[in-house]
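I have placed the structure first, in the form of structure tokens, so that the comments after it can refer back to it.
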């Protein structure tokens with residue numbers, strides 16, 4: 004049952020990220036990718052209003068906020084190298100969210116350009132791609 008919930012969540016995220024990310028192109032990607040841009044800051048999802056989703060990363064703790072900041076998922080980040088890291092779910096506010104405490108997502112930064120970061124995430128056998136926009140200071 005847990006795997007079914009995870010698969011459902013991953014497929015939902017995949018569908019949304021594919022539909023939304025089509026409008027955000029990397030015309031002149033950084034060579035090499037500036038992977039360290041993910042290590043700290045505030046991030047939005049491409050084509051999503053901040054009220055639907057935003058994420059903060061500080062001191063290897065990632066907090067994703069949903070529903071105008073009322074719901075969250077907090078994860079610890081373990082960097083394997085500059086461009087690969089694991090997100091391990093520590094806390095969540097919505098008991099109905101299919102993500103479970105202890106779930107591990109394997110993430111790879113595949114492309115960056117300016118303040119855009121394209122990340123491939125994998126949980127179990129499900130893979131999806133997300134484009135984050137790092138808020139400029």
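Residue numbers (this note's numbering): 4 to 140. Heads up, the beta-carbon is just placed ideally off N, CA and C, and yes, glycines get one too. Keep in mind that this is a model prediction, so the values were computed, not measured.
Counting pairs of beta carbons, one from the segment 68-78 and one from the segment 87-100, are three or more of them closer than 8 angstroms?
Contact holds: three or more Cβ-Cβ distances are below 8 angstroms.
Counting only runs of 3+ residues fully inside the segment 22-83, write out the beta strand (DSSP E) ranges in chain order.
Taking only runs of at least 3 residues, the beta strand (DSSP E) segments lying wholly in the segment 22-83 are 44-48, 56-61 and 64-69.
In its own chain, which residues sit with a C-beta less than 7 angstroms from the C-beta of residue 133, not counting the 5 before and 5 after it?
Along the chain shown, read from residue 1 onward, the residue named residue 133 stands at position 130. Around residue 133: 20, 48, 122 and 124.
Tell me the start and end of each unbroken beta strand (DSSP E) in the segment 95-137 that is at least 3 residues and wholly inside, in chain order.
Here the runs fully enclosed are 107-116, 119-126 and 129-137.
Minimum Cβ-Cβ distance from residue 65 to chain D less than 9 angstroms:
Looking at the structure shown, chain D is missing, and only one protein chain is on hand.
Close-in-space but distant-in-sequence residues of the same chain around residue 38 (CB under 6 angstroms, 5 per side omitted)
Residue 38 sits at position 35 when you count from the first residue of the chain shown. Apart from sequence neighbours up to five positions away, the residues of its chain that approach residue 38 with a beta-carbon distance below 6 angstroms are 85, 86 and 112, ordered along the chain.
How many angstroms separate the CA atom of residue 127 from the CA atom of residue 90?
To locate residue 127, count along the chain shown from 1; it is residue 124. To locate residue 90, count along the chain shown from 1; it is residue 87. Between residue 127 and residue 90, the C-alpha separation is close to 13 angstroms.
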